[in-house]
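Student:
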Amino acid sequence: MIIGVPKETLAGERRVALVPDAAKQLVGEGVEVRVESQAGVAAGFPDAEYEAVGASIAPDAASLVAAAEVVLRVQPPSDGELGSLRKGQVLISFLEPLDRLESVQQLAQGGVTAFAMELMPRITRAQSMDALSSQSTISGYRAVLLAATHLPRIFPMLVTAAGTLSPAKVLVVGAGVAGLQAIGTARRLGAVVEAYDTRPAVKEQVESLGARFVELDIDAGDAEDAGGYAKAQTEAFYAAQREQLGARAARCDVVITTALVPGQTAPLLIDEASVRAMRPGSVVVDLAAAKGGNCACTQADQDVDVDGVLVLGHTNLPAEIPAHASQMYAKNLVTFLKHLLGDGRLELDLEDEITRGALLTHEGAVTNEMIRAKVEGNA
Numbered sequence: 105m106i107i108g109v110p111k112e113t114l115a116g117e118r119r120v121a122l123v124p125d126a127a128k129q130l131v132g133e134g135v136e137v138r139v140e141s142q143a144g145v146a147a148g149f150p151d152a153e154y155e156a157v158g159a160s161i162a163p164d165a166a167s168l169v170a171a172a173e174v175v176l177r178v179q180p181p182s183d184g185e186l187g188s189l190r191k192g193q194v195l196i197s198f199l200e201p202l203d204r205l206e207s208v209q210q211l212a213q214g215g216v217t218a219f220a221m222e223l224m225p226r227i228t229r230a231q232s233m234d235a236l237s238s239q240s241t242i243s244g245y246r247a248v249l250l251a252a253t254h255l256p257r258i259f260p261m262l263v264t265a266a267g268t269l270s271p272a273k274v275l276v277v278g279a280g281v282a283g284l285q286a287i288g289t290a291r292r293l294g295a296v297v298e299a300y301d302t303r304p305a306v307k308e309q310v311e312s313l314g315a316r317f318v319e320l321d322i323d324a325g326d327a328e329d330a331g332g333y334a335k336a337q338t339e340a341f342y343a344a345q346r347e348q349l350g351a352r353a354a355r356c357d358v359v360i361t362t363a364l365v366p367g368q369t370a371p372l373l374i375d376e377a378s379v380r381a382m383r384p385g386s387v388v389v390d391l392a393a394a395k396g397g398n399c400a401c402t403q404a405d406q407d408v409d410v411d412g413v414l415v416l417g418h419t420n421l422p423a424e425i426p427a428h429a430s431q432m433y434a435k436n437l438v439t440f441l442k443h444l445l446g447d448g449r450l451e452l453d454l455e456d457e458i459t460r461g462a463l464l465t466h467e468g469a470v471t472n473e474m475i476r477a478k479v480e481g482n483a
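Mapped onto the working numbering, the consecutive letters of the sequence shown carry residue numbers 105 to 483.
1. Taking the beta strand (DSSP E) that residue 108 belongs to, which residues open and close that run?
2. Which class does residue 407 belong to by DSSP, given the choice of helix, strand or coil?
3. Less than 7 Å between C-beta atoms, sequence neighbours within five positions excluded: which residues of the same chain meet that for residue 461?
4. Quick one: Cα of residue 418 to Cα of residue 466, how far?
5. What is the DSSP secondary structure of residue 402, counted as helix, strand or coil?
6. Apart from the five residues just before and just after residue 398, which ones in its own chain have a Cβ nearer than 7 Å to its Cβ?
7. Could you give the distance in angstroms between the alpha-carbon of residue 307 and the alpha-carbon of residue 270?
8. Can you say whether residue 449 is buried or exposed, counting buried as having 16 or more other CB atoms within 10 angstroms of its CB?
9. So, helix, strand or coil for residue 253, using DSSP?
10. Compute the Euclidean distance between the alpha carbons of residue 352 and residue 402, then round it to the nearest angstrom.
11. Taking the Cβ atom as the reference point for each residue, do residue 118 and residue 147 lie within a distance shorter than 7 Å?
12. In terms of alpha-carbon separation, which member of 125, 126, 161 and 134 lies closest to residue 142?
13. I'd like the list of long-range same chain contacts for residue 388, defined as Cβ closer than 6 Å, with 5 residues on each side in sequence excluded.
14. So the candidates are 246, 429 and 106; which of them puts its Cα closest to the Cα of residue 234?
15. In angstroms with no decimal places, state the Cα-to-Cα distance between residue 426 and residue 120.
16. Is it the case that the Cβ atoms of residue 195 and residue 214 are separated by a distance below 7 Å?
Below, the structure is given as structure tokens:
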């Protein structure tokens, strides 16, 4: 069986689906790994490192995909790349199925067996395959570094002969994987951190990292879905939330927002008036920029100055730390592939919760019920 790893083509994407160590593991499972020339260079992995572990280098994406039985990617294929996939071929990648319904339909019509890493079940057995969590970890870390770089103050308190410097105050909105990593990173840098989430269950996690859990005077009701993600709330709830969060943001040097609801536009949590109320020099890092942003002033992939407050709208933070982001993603893929492999071949047990959960299209049909309903509604 041949597993192919094409070079990512999305502008700014520096990750690669397999790093050399991960390729070595698959070679050890009795499969052939082919990597497109230069696919790992932007992440710090030259072709020679892949060849050293037994992988072969393909000269271009066309010949690679034509030969491969399984294609591994980071980003969803473009329209042209979708057209190069054939019936019976297996694709494993982030596929953004809730946002790319036409692509899902094209994968199904083409007979491609596609696994979407976003659909990986959030169960204990699948934790090492959870690519959303691994990449969110990188995003949370990177967000704090960006804030620290742009803030005209230092994060820790310092007592010096030139006087005492008070620590930076950081507010993290959303205590999922990215938010918790942001809290931990900001605390390690010496900031005073507080965090808010609609889910009271995360309070203990926030406090275990040394941050203060913010409790607003609003009722979030049932704020968590079956997968552990935050649920969408009413507009009246969000209005009250913005008012109270704005008052807290005005007292902070850094605000990091991470709130996303799968398949929906990001909820607006910080309005423009709240940004303008912050002290000049303050920084907002919006991790939801790709889905419209949690901050009213966010512009995707732009740094926006609002009365001296800098709002950063980076949309692909993992690609800014490509070596470790690729290493973690490759580990997720290899663990998932080993789950699917038997004697060097793919054996799809559709009764298995992990296999069935991540499967998006198979044998000409959209297999995920939720996505299928959306595709049919979009037709």
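The beta-carbon is built from N, C-alpha and C at its ideal position, and this holds for glycine as well.
Tutor: A quick look at the data gives this:
1. 106 to 109
2. strand
3. 223, 224 and 225
4. 34 Å
5. coil
6. 277, 361, 363, 370, 371, 372, 373, 374, 390 and 392
7. 26 Å
8. exposed
9. helix
10. 19 Å
11. yes
12. 161
13. 359, 399 and 415
14. 429
15. 8 Å
16. no
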